[in-house]
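Heads up: the structure comes next, in structure tokens.
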Amino acid sequence: MEERYHPQKIEEKWQKIWEEKKTFRVTESSSRPKYYVLEMFPYPSGRIHMGHVRVYAIGDVLARYKRMRGYNVLHPMGWDAFGLPAENAAIERGVHPAKWTMENIAYMRDQLKKMGISYDWDREIATCDPEYYRWEQLIFIRMLERGLAYRKRSTVNWCPSCQTVLANEQVEGGRCWRCESEVTKRDIDGWFFKITAYAEELLDWCDRLIGWPERVVTMQKNWIGRSEGAEFDLPVVGRPDLKIRVFTTRPDTAFGMTYAVLAPEHPLVDRLVVEPGEQTEVERFRAEVLKQSEQERIAEDRPKRGLRLSARVVNPFNAVEIPLFIADYVLMSYGTGAIMAVPGEDQRDWDFAKAHGLDIIETVSRPSGWTGEAYTGDGIKINSGFLDGLTVAEAKRRATDWLVERGLGEAKINYRLRDWGISRQRYWGAPIPVIYCDACGMVPEKEENLPVVLPRDVQISGKGGSPLASHPTFVSVACPRCGGRARRETDTMDTFVESSWYFLRYCSPSYNGGMVERNAADYWMPVDQYIGGIEHAVLHLLYARFYTKVLRDLGLVKVDEPFKALLSQGMVVKDGAKMSKSKGNVVSDDVIRERYGADTGRLFELFAGPPEKDLEWSDQGVEGAYRFLTRVWRFVSQHREALAAPPSGWSEKQLSHELRNLRRLTHRTIKRVTEDIELRFHFNTAIAAIMELFNAMVAGAKEEAASSQEVSVIKEALESIIILLFPFVPHIASELWESLGQETPLEEIPWPTYSEEALEEENLLIVVQVDGRVRGRITVPADASSQFIEEEALADPKVKGFLAGKEIQKVIQVPRRLVNIVLEG
RNA sequence: GCGAGAGUGGCGGAAUUGGCAGACGCACUAGACUUAGGAUCUAGCGGGCAACCGUGGGGGUUCGAGUCCCCCCUCUCGCACCA
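Each step along the first sequence adds one to the number in the numbering used here, with nothing skipped, and position 235 is 276.
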């Protein structure tokens, strides 16, 4: 063993061993319980840097730890390989997206291997592989048959920079989630997945995601946005053919309705316009609303703008005629796109009513001293006909019943969640397996023709739309039904579709009888621990939950939810910004490995803070991690011969105080590290505990002429340190282990257990407080009586000084910890 | 505005059920070894000369509060006219 620590050399050695022995390969035939740990797979955008490494290091600690705990651990890796950056590279550099992607994958795979992440590489997948997306196409057809996939023309989010449609979840604050361009609206035909059919179930199951961070669950709940209420019609005065459907969560307030509002783009508006000149005004108003930029719409205290129509409607509850408006504060995309306005109990309506001089009727009694504007709290109904005297909750029910009895309306639950628009007007994605025939209409591709392979021979210019649309043999096909001339769909699927099921494909990555082999999926699913960034709280994580439920209903899997537990790890931050290529603040993993080795890079990122928090990159912190590993290395290289002495027999009681203390610390550290990993994922404190033990052991090994007892206690400490370090820094741990003459590789060594006997204390350090302030410390035998402890505490010279001349009121004892002497006054 | 989370040394961060605040690491200071040190080792390291004071601020509960309760401030994240 060399005296100096050369990480590159030993890292290469152990990676080669793991690769050749296929150490991390797993199968379903194991008597061990299964554990599936998964990090969100990367988009192969170029190179991995230290900002990316964190999530893989976290996953690797769990994978290696769980293996040592006796689990059959599935820990796979693959590539989210379709997407726009590949196309952009093609436009900028003229390299084909497939080539660019595969080259990146090759490079990044090598990087992950060099970081020593323990993947079963035999299960590697890439979503751009036709053998992968063919199953997605098959499921698309199944979804089509069940009405879960459908095509419609609608107003959608359009990213002018990416030149494609975005789903609602992919718009963040009015901007594209990927390129941050301002999103515009466009009317376009496109494909949708009916995620709203699962809104109720997705919401209900939120409460059963007990292994998920609270905030992610809350974000999903808010995104789904359930609200309960009623829908009913407002007849238009003098127009028996027309009525306006409204949705409200407060049917109890219907008697306070003083006007009604339609969204400006509501389809009924044009039919309601009758007076000359009115149409012009409506057009002008619409144009004004539409041209509002995102900025203006977000602006605080934005005045609500509206236009009064000549038509009037009737409140069915009291037959009162009320005015009708179009206004910008009512959205076509929610509810029915029309509302009854109750200024007394809704602040938005109150603002609008004030601005337009409309009546305000209060229908709920205000608490005394109420000085606010609209009142949304509870109370007793007033001015509300048959609802008077009821509470709000009672009145809601009664009003809804009233509507239902008369056939005027119904109870209704609305969701904020919209169907998932999956059409992308881009090339580098999975083709949607559908054909349009003049005679037969839309026809799905025949199943035996799957996969519909994405053609490689295209020219990507970035202009004139998707190159698929001008690819003659791809577009021009025979109708699968009538054989006549037909056109193939040229939109591709949102790449979030691929990532909605990749975790299933890992269960049986080369199965060619379907998306997933039933037995393998039943064995491995669900993912026991999923790890990834918070940015996917309502994107990928919602889609994957939805897709899993669809697959369950199609009979492919039996799980209801894909991810049992979720760990949302924080970002790696440098110079105040997320480490990313575009910010220009990346730290290359190559440089870190060259200078310090992969183990140091891993150790630093795991030690610098708990995984869920953001992590500030620190060059000095890396130095510190390296220094620790160097110290461990040096200790072993200097002491390995002395430690080679055969263990001698000894018993706990024979050991000196110092040795018992060290042994106690060894076992306490085993306990702490185990609990920190298992219960809390607090790798930082686990590592700190190992460092503490190491420091104590070094101090204990100072003495010359070691006794055989000393050798065995130090050896136990050192071996424990090496085993406990293995999940964090596997290469150096393996090398040190081997250098101590151990023949069984570390990954086959069971995780250590602690001995209760070793944990037992001989003496206890008791803190003595006077009036709650620490005044002294006493050491007592562990079995000392409370009376004895009290006497010792009162007799302590330092404590005595504070007691002089005072009367003791009482003495409080916390067993094994503390005595508090409370004085009079 | 609504929802969630967070505020602890010069810095990253520790503190099972309320029980020694600042573990571990970084930075810093002094010393040792050395031709040299940005290597290594040893010691120190919240503030204050001290009594004491210290976990964003103010109140409270308690023998005892970073931890529990109330009010306020600041920051981060998410949603943002959702009827």
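Built from N, CA and C at the ideal position, the CB exists for glycine as well.
Predicted, not measured: the structure shown is a model, and the values here were computed from it.
- Distance from the Cα of residue 855 is smallest, within the candidate group 675, 806 and 378, for 806.
- One alpha carbon belongs to residue 549, the other to residue 327, and they sit about 54 Å apart.
- Between residue 386 and residue 404, the C-beta gap is smaller than 8 Å, which places the two residues in contact.
- Only residues of its own chain outside the window of five on either side were considered, and among them 432 and 433 have a CB closer than 7 Å to the CB of residue 419, listed in chain order.
- In the structure shown, residue 720 falls within a helical segment according to DSSP collapsed to helix, strand and coil.
- Residue nearest to residue 595 within the set 619, 181 and 426 is 181 (criterion: CA-CA distance).
- Taking the Cα positions, residue 269 is about 15 Å away from residue 237.
- Using a 10 angstroms sphere on the CB of residue 142, the tally of other CB atoms reaches 16 or more, which defines it as buried.
- Along the region 256-291, the beta strand (DSSP E) occurs as fully enclosed runs of 3 or more residues at 267-276 and 284-289, listed in sequence order.
- Burial check for residue 220: the Cβ neighbour count within 10 Å stays below 16, so the residue is exposed.
- Where residue 822 is concerned, the enclosing beta strand (DSSP E) starts and stops at 814-822.
- Classified as buried, residue 495 has 16 or more neighbouring CB atoms from the shown chains inside 10 Å of its CB.
- In the three-state reduction of the DSSP assignment, residue 351 falls in the strand class, which pools E and B.
- A residue is called buried once 16 or more other Cβ atoms fall within 10 Å of its Cβ, and residue 74, having fewer, is exposed.
- Sequence-distant Cβ neighbours of residue 510 in its own chain, meaning closer than 6 Å and more than five residues away, are 531.
- Using a C-beta cut-off of 8 Å, the region 748-764 makes contact with the region 702-714, since at least three inter-stretch Cβ pairs fall below that distance.
- If you draw a 10 Å sphere on the C-beta of residue 803, you find fewer than 16 other C-beta atoms in it, and that means exposed.
- Bounds of the alpha helix (DSSP H) holding residue 145 are 138-155.
- Counting the other Cβ atoms within 10 Å of the Cβ of residue 602 gives 16 or more, which makes it buried.
- Spatial neighbours of residue 100 in its own chain (CB-CB distance under 6 Å, excluding positions within 5 residues in sequence) are listed in chain order as 78, 80 and 572.
- Residue 583 and residue 267 have their alpha carbons spaced roughly 15 Å apart.
- Within the DSSP secondary-structure output, residue 230 pairs in a beta bridge with 194.
- Secondary structure at residue 117: coil, using DSSP grouped into helix, strand and coil.
- The Cβ neighbour count for residue 90, taken over all protein chains shown within 10 Å, is at least 16; the residue is labelled buried.
- In the DSSP secondary-structure assignment, residue 609 is bridged to 573.
- Proximity of the region 294-301 to the region 365-378 meets the contact definition, three or more beta-carbon pairs being nearer than 8 Å.
- By the neighbour-count criterion, in which 16 or more other beta carbons inside 10 Å mark a residue as buried, residue 460 falls on the buried side.
- Sequence-distant Cβ neighbours of residue 246 in its own chain, meaning closer than 8 Å and more than five residues away, are 586, 601 and 602.
- Ranked by how close their Cα comes to the Cα of residue 577, the residues 260, 480 and 841 have 260 in first place.
- Rounded to the nearest whole angstrom, the C-alpha separation of residue 451 and residue 139 is 53 Å.
- A direct Cα-to-Cα measurement between residue 830 and residue 865 gives close to 21 Å.
- Secondary structure within the region 164-227: the beta strand (DSSP E) runs of 3 or more consecutive residues, fully enclosed, are 190-200 and 205-207 (chain order).
- A straight line joining the alpha-carbon of residue 692 with that of residue 785 spans about 27 Å.
- Look at residue 466 here: in three-state DSSP terms it is coil, with no helix or strand label.
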